[in-house]
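Let me begin by presenting the structure, written as structure tokens, before commenting on it.
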Amino acid sequence: MQAFLMGGVFGNGAVIGNAMFEIMPNVAGKVSAQFGANSQSDNLTATADYHGKDFNVTVKVGNNECGASYLQSISEKLAVGAELGYMNKALESYVSASARYTSGKRILGVQLASYGAVTGWYTMKASEKLNLCADFQMNTKNFDAVASAGYEYKLRMAQIKGQVNSLGRVAMSSTEQINPICSVTLAAEVDYSQGDYKFGFGFGFGG
Numbered sequence: 034m035q036a037f038l039m040g041g042v043f044g045n046g047a048v049i050g051n052a053m054f055e056i057m058p059n060v061a062g063k064v065s066a067q068f069g070a071n072s073q074s075d076n077l078t079a080t081a082d083y084h085g086k087d088f089n090v091t092v093k094v095g096n097n098e099c100g101a102s103y104l105q106s107i108s109e110k111l112a113v114g115a116e117l118g119y120m121n122k123a124l125e126s127y128v129s130a131s132a133r134y135t136s137g138k139r140i141l142g143v144q145l146a147s148y149g150a151v152t153g154w155y156t157m158k159a160s161e162k163l164n165l166c167a168d169f170q171m172n173t174k175n176f177d178a179v180a181s182a183g184y185e186y187k188l189r190m191a192q193i194k195g196q197v198n199s200l201g202r203v204a205m206s207s208t209e210q211i212n213p214i215c216s217v218t219l220a221a222e223v224d225y226s227q228g229d230y231k232f233g234f235g236f237g238f239g240g
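Residue 34 is where the sequence shown starts when you use my numbering, and the numbers rise one by one after that.
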């Protein structure tokens, strides 16, 4: 079994942690935790993934949300899926449908949820080192929407990520691989609309 552990601390006191496990070649698990000064944002989630020959099943259990999803490939390029979930704080269940189209180095996806959310995303492998992505989310009940764009640049021993969205939020992180089992991450996020600034660091261990 392979495992990867990562944790980080931000200047506002928030603490995050992730543990990922490859239990078997087609079974993976993940535990994510986030704790801060505001208990309303605390989150603990456990996820299990099963990858079949042409399908994927995911089960998620957490204090904020529980659910299960299924994704089925119906051709070499097209996959469709469905999700059933329950939002614990809102005491509301939901269903969603999704589709994903893959063409070479490009992936286009869309998801429609019963609570009114519409999400679309696009990713492209621009080169061996550079990945680009964009997504759009809209609530059809009040027409609130947000768009974002991001990038991932891979160096020989480091990885740089950045993202900006239409709400005025800019985020960037840099992860450097110190040795085969240890990495260090520096992260920063600026929310211009709220005048909020976050800076943090983290360590990752895996083998």
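By construction, the Cβ of each residue, glycine as well, lies at the ideal position given by its N, Cα and C atoms.
Item                                                                                                                                        : Value
DSSP three-state call for S74: helix, strand or coil?                                                                                       : helix
Closest Cβ-Cβ distance between G183 and chain D: below 9 Å?                                                                                 : Absent here is chain D; the protein component of the structure consists of one chain.
Measuring CB to CB, does M39 end up less than 9 Å from S207?                                                                                : no
Determine the DSSP secondary structure at N20, reduced to helix, strand or coil.                                                            : In this structure the chain extends from 34 to 240, so residue 20 is not present and cannot be described.
Decide if A112 is buried, meaning its Cβ has at least 16 other Cβ atoms within 10 Å, or exposed.                                            : buried
In the DSSP output, which residue or residues are listed as bridge partners for N198?                                                       : S181
Return the residue from the list D87, I140, A101 and F234 that minimises the CA-CA distance to T78.                                         : A101
Less than 8 Å between C-beta atoms, sequence neighbours within five positions excluded: which residues of the same chain meet that for A36? : A52, M53, F54, E55, G239 and G240
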